[in-house]
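4 protein chains.
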Amino acid sequence: MIVEMKTGASRPEVDAVVEKAKSLGLDVQLNLGTDKTVVALLGSNTGQLPTDIFEVLPGVESVTRIMKPYKLASRTFKKADSVVDAGGVKIGGQRIVVMAGPCAVESEAQLMEVAEKVKAAGALILRGGAYKPRSSPFSFQGMKMAGVELLQNARERFGLPVITEVVDTADVSPIAKYADILQIGSRNMQNFSLLTKIGKTGRPVVLKRGFSCTVTEWLTAADYLLAEGNEQVILCERGIRTFEDSARFSLDISSIPVIKKFSHLPIIVDPSHAAGHFSLVPAMARAAIAAGADGLLIEVHPNPKVALVDGAQSLTPSDFARLVEELKPVAKAVGRFI
Amino acid sequence: MIVEMKTGASRPEVDAVVEKAKSLGLDVQLNLGTDKTVVALLGSNTGQLPTDIFEVLPGVESVTRIMKPYKLASRTFKKADSVVDAGGVKIGGQRIVVMAGPCAVESEAQLMEVAEKVKAAGALILRGGAYKPRSSPFSFQGMKMAGVELLQNARERFGLPVITEVVDTADVSPIAKYADILQIGSRNMQNFSLLTKIGKTGRPVVLKRGFSCTVTEWLTAADYLLAEGNEQVILCERGIRTFEDSARFSLDISSIPVIKKFSHLPIIVDPSHAAGHFSLVPAMARAAIAAGADGLLIEVHPNPKVALVDGAQSLTPSDFARLVEELKPVAKAVGRFI
Amino acid sequence: MIVEMKTGASRPEVDAVVEKAKSLGLDVQLNLGTDKTVVALLGSNTGQLPTDIFEVLPGVESVTRIMKPYKLASRTFKKADSVVDAGGVKIGGQRIVVMAGPCAVESEAQLMEVAEKVKAAGALILRGGAYKPRSSPFSFQGMKMAGVELLQNARERFGLPVITEVVDTADVSPIAKYADILQIGSRNMQNFSLLTKIGKTGRPVVLKRGFSCTVTEWLTAADYLLAEGNEQVILCERGIRTFEDSARFSLDISSIPVIKKFSHLPIIVDPSHAAGHFSLVPAMARAAIAAGADGLLIEVHPNPKVALVDGAQSLTPSDFARLVEELKPVAKAVGRFI
Amino acid sequence: MIVEMKTGASRPEVDAVVEKAKSLGLDVQLNLGTDKTVVALLGSNTGQLPTDIFEVLPGVESVTRIMKPYKLASRTFKKADSVVDAGGVKIGGQRIVVMAGPCAVESEAQLMEVAEKVKAAGALILRGGAYKPRSSPFSFQGMKMAGVELLQNARERFGLPVITEVVDTADVSPIAKYADILQIGSRNMQNFSLLTKIGKTGRPVVLKRGFSCTVTEWLTAADYLLAEGNEQVILCERGIRTFEDSARFSLDISSIPVIKKFSHLPIIVDPSHAAGHFSLVPAMARAAIAAGADGLLIEVHPNPKVALVDGAQSLTPSDFARLVEELKPVAKAVGRFI
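Listed below in structure tokens is the structure:
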């Protein structure tokens, strides 16, 4: 942590910073320039200290963090890539894992049809929303526990592990009984109560990036899961909010190499929510794999025209099958396979 | 809702749009231009219909929503300004209500000292965080229920209604017993489970704007509270996330007249979280009142240097007292008082 | 400048950083922590050095700038507030200066009518666009030199100094002959050729903030003007681009106290371009003054319904007159006058 | 264009809208809903009409544009993909064109070394900045005309067409004599004087996206070039400004399929400026090709450690050669070649 003093800060002001730092067990090194004094604070936990502690002291101009605020999710903490095992499917290895299914579980017939078709096309995991966070209270909110049970049926019938979203701490335990992967949605990335409770289950979890959260905040949120002893964490990039309006969100493609550089956790990409429109999904899915993603989360609906949620971004089963074929040579080009 | 067909869309494609709309009970009017067909869909509930329903139909280029997606929070639904009564203090009337107190309740001594001083300076409501949503699991998480109890003590001792944040559905009932106003934090604005549960309590609630949510999404989230029959809703602007980094967030000053135009709900402003640094708080507080805000939520700490949370953005009690004096003539200049 | 070495960086890697810094005449102080080495580089010109010089060296994790990249615009360089004199009107003093007029000069009749009315209402400077930067080549591009001549006529007739925009280096000299203030538009804030040429004229200049430029970039752009010896620089905040779409741009109200903290230059606000709609202009104008702005730049059109450019954001002369009356008590509340 | 009237708008207010539209030669269709009236305005030029014309009329709530504001750059205007010929190299065909070279031309030795090596590695076009737009006046501003002449030498010696940036209307003619492609930088995307002047030369031009401009604004800016009769226009995505700070800009990967959908112009990608750090360039280059880009613009410096500009984002010649090898199978995977 670097504390920059104001030009003309007095000696007692500098001393107060030094004293405060020492009281926190930090090493202190004074850098006395001609124009201003800069105080370097060193220690293994400076990433977790709030900068406010020093910002409020008189004579301080600014405080800059050098250490990252996340710890357990960092590559410094763990050098080797983590591989998550979800119902026997490995995420983070050489194989790129495609997860597919409907945005919302709507009925047994709908789910079984999709499950059969995405499996045939090459998906290894079935996705389906049962608890749906919707921006308006007047929109369809999902089949809730009945939807989770249908996912469980599909899982047994087709041998596909399933992933579904949890939106309330009260639902963590019942859903964790059935789902192979618990999903934390973008709007809940900083719902720390939910993270803590899901962390405690020890189940594999997909942590979607908050649509306005930095990579640093995302990895710091992952620390909530890891701090509970749950190492089965998969990150999911799903687009960030920007001024651009031709897609629903802007897929932050560079977050993939950035995550690979700073973290050991696997990262998958959800091109459907980023795009908001099916016509953009294939290009974004190809780009994600080329950039190094470990998997994809794709919305597929047997008949998008009658989908209750997010029909515009869903692929038909046949479009999905064609996409998987397109993705295979891209995966091969980067030394992987689907 | 306006459905724009692609140039060269076929008659059956247009017919499919018309049919779909009629099946939903909408009025349809065809606008046949020389270049393209535009279909207008009219009805009182088009704001709540997902645009996806039409976007997926063949031949459709784009779908534009004309009606706003929120309903109960809109000025169309209720013309007159809503006034919330929190423990006898009216928010939304001619008096500008100042809420002040520490970011986090840290001890009885800290809270009582602040309560006494902010009351003396002119605050009408006491704020204090007991459950703190922190970006890192290694940061202080608040005193939790013990903090709520201290707030309750301060309330009795000084006769100030209190506001405190709720972060988990499991905590809604116990906190609602003590707090005059329940606060929903920025990171939970779209935690719809929490909104629904708080809506059911009927208690006054401050709904902070998600730092990357539009005004439209904010009012739509308010609909979750209002739909449960809770009309005691106060909006709170606290800065949005942008590329600018000289303040922690960018206070969206124009959201104030925009909310006044489109909604009947009162709006207050939190300059402390927007600024992130105490030196910017006074200018932003003055601007908020000049722009028409109904109140302010300001962080005050007896000794910001030792604050456990957000010390850099906290005012000292004497700075706060001076600020309130500065604000009085501004309030008067816009026909109000503090 | 702070150079953070990677964990485990070798001694020769650290030495290379030190050597490079010394070759640039910087003081170097090594901070050897238990986990990593941090190198502090000190010197009066580190703000102007590119961080790249160190980022490319092996073993370097990151480089953080402590000194600001701007120099002449900073309050460190000049402590006292600068006051600009434009045709006898002082900007940056106790009086808040209102500049008003049409977005585009359309005809002699239009301009003279506005000039007369805004003067009567209290405007001290007349604005009018002659060269209009329009996003589409098929839109009205302004009256060009004929418009500048009309402004010159209005100036003589009503005794109001005039401000008009320059968009091409080729037009700087002819326009500088007539205009009291040259305006650099938001889209040209980083058109460095234009800045340099306008800097050389020594004429008062309004430098509008690029709608996606940080305050730091803005002040660094101002350095281009100041470096040519032109000290007559006025900054103008006109809204930044964000995800919010209820106003055309988001007025960055906190840029006003931030500029006052870091720079000696006067700052005015253009609520018309930020708002994009006349109904939001009054609240934003009041907020700007309450936050400490030194002036306002407001669009007024005798008949917005037939305006060739930006009619929706223009006030009528009578609305403008009412607004100036509203602003007077706000100015007084912050110790100033209009 | 869709004009939404306010709830309760009077008949004369609706009539005024209709009359205004008819006076502009538009077809008008009234949509009378139960709650509000919506007026559809149809005609082939509504995309070029300002919405303000209607927004200012009494009783109007909002105006929504249906037609895009750009025309000549649209796929509606020209169905087939445009292919640009720059000194014999085709951009927009099946071959993916790699342009490479230093950010800034620094010396003959530097340029010749890079030119030889990037050619050997597979680059088809040589890039090099001679006029550098720098955010600070105290930074190196480029070799200017001497740099252009060196580019011309390199072009003759190695048979590589060259691309270089133009920053001032005064420089367009002299540079156009030598350069095969004129580059318009991100900060000048809406420098309409420059666009018009470059459009008139008829030379191939790379139009970089303004870092905060939408795809729609970008294509509308391209209309300035096309309107002068210059059809040799290549778009270049180079990252947009967002809140994320782990890369210098956020590469908007979805802009590639969006441009392909709405425009006939070829699009290339500059991963170097988007990334800001060489370590991220390869992943972003691979993603760009996988998403459908027609080419790449990559910074290569013989010795990034001593680069005068943007060293941190430059590849060494050997890293560049390795990258081109990596890109070949990705190109093949999407049916193209390098």
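Chains as they are written, first to last, in the working numbering: chain A, 1 to 338; chain B, 1001 to 1338; chain C, 2001 to 2338; chain D, 3001 to 3338.
Backbone N, C-alpha and C define an ideal beta-carbon position, used for all residues, glycine too.
Along the chain, where does the beta strand (DSSP E) that runs through residue i open and close?
{"i": "K1090/B", "result": "V1089 to I1091"}
{"i": "M3005/D", "result": "I3002 to M3005"}
{"i": "A333/A", "result": "Looking at the DSSP string, A333/A is not in any beta strand (DSSP E); the run it does join, the alpha helix (DSSP H), is P317 to A333."}
Please report the distance separating the alpha-carbon of residue i from that of residue j.
{"i": "D3180/D", "j": "G185/A", "result": "49 Å"}
{"i": "P161/A", "j": "I175/A", "result": "14 Å"}
{"i": "E2108/C", "j": "T2216/C", "result": "40 Å"}
{"i": "G3239/D", "j": "T2076/C", "result": "33 Å"}
{"i": "S2139/C", "j": "Q3048/D", "result": "7 Å"}
{"i": "A2247/C", "j": "A2275/C", "result": "5 Å"}
{"i": "K2117/C", "j": "V2324/C", "result": "12 Å"}
{"i": "T293/A", "j": "D3223/D", "result": "Per the sequence shown, the amino acid found at residue 293/A is Ala instead of Thr. Cα-Cα distance, rounded: 37 Å."}
{"i": "Y1070/B", "j": "R1209/B", "result": "15 Å"}
{"i": "T1037/B", "j": "A3040/D", "result": "11 Å"}
{"i": "L2235/C", "j": "T2051/C", "result": "27 Å"}
{"i": "M1005/B", "j": "L1207/B", "result": "39 Å"}
Quick one: grab the DSSP three-state call for residue i.
{"i": "K71/A", "result": "coil"}
{"i": "F3192/D", "result": "helix"}
{"i": "D245/A", "result": "coil"}
{"i": "T2064/C", "result": "strand"}
{"i": "G2295/C", "result": "strand"}
{"i": "E3228/D", "result": "coil"}
{"i": "D1085/B", "result": "strand"}
{"i": "V2269/C", "result": "strand"}
{"i": "L49/A", "result": "coil"}
{"i": "Q3094/D", "result": "coil"}
{"i": "T3201/D", "result": "helix"}
{"i": "L3219/D", "result": "helix"}
{"i": "Q2029/C", "result": "strand"}
{"i": "G1101/B", "result": "strand"}
{"i": "I2338/C", "result": "coil"}
{"i": "V3167/D", "result": "coil"}
Here's a check: name, in chain order, each residue in its chain whose Cβ is nearer than 7 Å to the Cβ of residue i, leaving out the five neighbours to either side.
{"i": "A1287/B", "result": "I1253"}
{"i": "K2328/C", "result": "I2338"}
{"i": "V1089/B", "result": "V1097, L1124, I1125 and P1161"}
{"i": "S3193/D", "result": "T3169"}
{"i": "A291/A", "result": "I253, I256 and P257"}
Keeping to the same chain, check which residues put their C-beta closer than 6 Å to that of residue i; ignore five residues upstream and five downstream.
{"i": "H1301/B", "result": "P1102, A1307 and S1314"}
{"i": "M145/A", "result": "none"}
{"i": "I2298/C", "result": "A2100 and S2272"}
{"i": "M67/A", "result": "T46 and G47"}
Would you mind telling me which residues of chain C sit closer than 9 Å to residue i, beta carbon to beta carbon, in chain order?
{"i": "G3311/D", "result": "P2050, D2052, I2053, E2055 and V2056"}
Anything in chain A within Cβ reach of residue i, meaning under 8 Å, just list it in chain order.
{"i": "V1167/B", "result": "N191, F192 and S193"}
{"i": "F1077/B", "result": "None at all; the shortest Cβ gap to chain A is about 13 Å."}
Where do the N-terminal and C-terminal ends of the alpha helix (DSSP H) with residue i fall, by residue?
{"i": "G3147/D", "result": "M3145 to F3158"}
{"i": "Q3110/D", "result": "E3108 to A3121"}
Can you find the residues in the same chain that come closer than 8 Å, C-beta to C-beta, to residue i, ignoring five residues on each side of it along the sequence?
{"i": "R2157/C", "result": "M2112 and A2115"}
{"i": "D1154/B", "result": "With the sequence shown as reference, residue 1154/B is identified as Ala, and Asp is not the correct amino acid for it. Around A1154/B: L1111, M1112, A1115, L1126, G1128, L1160 and V1162."}
{"i": "P304/A", "result": "F278, G311, A312, S314, L315 and T316"}
{"i": "F3262/D", "result": "K3068, S3074, R3075, V3215 and L3219"}
Under 7 Å Cβ-Cβ, which residues of chain D neighbour residue i?
{"i": "N1031/B", "result": "Q3029, A3040 and L3042"}
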